[in-house]
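J.: This structure is in structure tokens; I'll ask about it shortly.
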Amino acid sequence: MVTATQAGQASRRPGHRRGADGRRRDRLAALTTRESEILRLVAEGLSNAEVGRRLRMSEMTIKTYVSRILAKLDCTNRVQAALLARDAGPTPWH
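Quick note on UniProt numbering: the sequence shown kicks off at 1 and runs consecutively.
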């Protein structure tokens, strides 16, 4: 976080190491490979049923994965999780 500007250069608070993108990637790095795969499909706009068909898994299993993903990412809904994934950039998480 920028706290002051001197001679055209911004200074940061002591201990501030990463920007928002780094924190997003850190949160996404907590996901398993399978959770990351499911999040990518959710971020593409697929429903639980569509994700299940694509991965050959039951819709109930996908719902369970999505619930775990939301908890790990501290998101309240799949749209927030999809936006977090989008904002983290194209770098693969796993």
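Beta carbons: idealized from backbone N, C-alpha and C, even for Gly.
What residue does the alpha helix (DSSP H) around residue 103 start on, and which one ends it?
T.: The displayed coordinates of the chain run from 1 to 94. Any statement about residue 103 would go beyond what the structure contains.
J.: Can the beta-carbon of residue 129 be found closer than 8 Å to that of residue 39?
T.: A question about residue 129 goes unanswered here, because the residues of the chain that appear run from 1 up to 94.
J.: Taking the alpha-carbon positions, what's the residue 61 to residue 41 distance?
T.: Locating residue 61 in the sequence shown gives position 61, where the first residue counts as 1. Locating residue 41 in the sequence shown gives position 41, where the first residue counts as 1. Distance between the alpha carbons of residue 61 and residue 41: 14 Å.
J.: Look at residue 71 and residue 28 and say whether their C-beta atoms are less than 8 Å apart.
T.: Position 71 of the sequence shown, counted from the start, is the residue given in the question as residue 71. Position 28 of the sequence shown, counted from the start, is the residue given in the question as residue 28. Cβ distance not < 8 Å, so residue 71 and residue 28 don't count as in contact.
J.: If you draw a straight line from the alpha carbon of residue 77 to that of residue 56, how long is it in whole angstroms?
T.: Position 77 of the sequence shown holds residue 77. Position 56 of the sequence shown holds residue 56. Going by the C-alpha atoms only, they are around 23 Å apart.
J.: Measure the C-alpha to C-alpha separation of residue 65 and residue 35 and round it to an integer number of angstroms.
T.: The residue labelled residue 65 in the question sits at position 65 within the sequence shown. The residue labelled residue 35 in the question sits at position 35 within the sequence shown. Between residue 65 and residue 35, the C-alpha separation is close to 6 Å.
J.: What three-state label does DSSP hand residue 74 in the structure shown?
T.: Residue numbering aside, residue 74 sits at position 74 when the sequence shown is read from its first letter. Correct three-state label for residue 74: coil.
J.: If you run the structure through DSSP and keep just helix, strand and coil, what is residue 31?
T.: On the sequence shown, position 31 is the one that residue 31 refers to. Residue 31 falls in the coil class under three-state DSSP.
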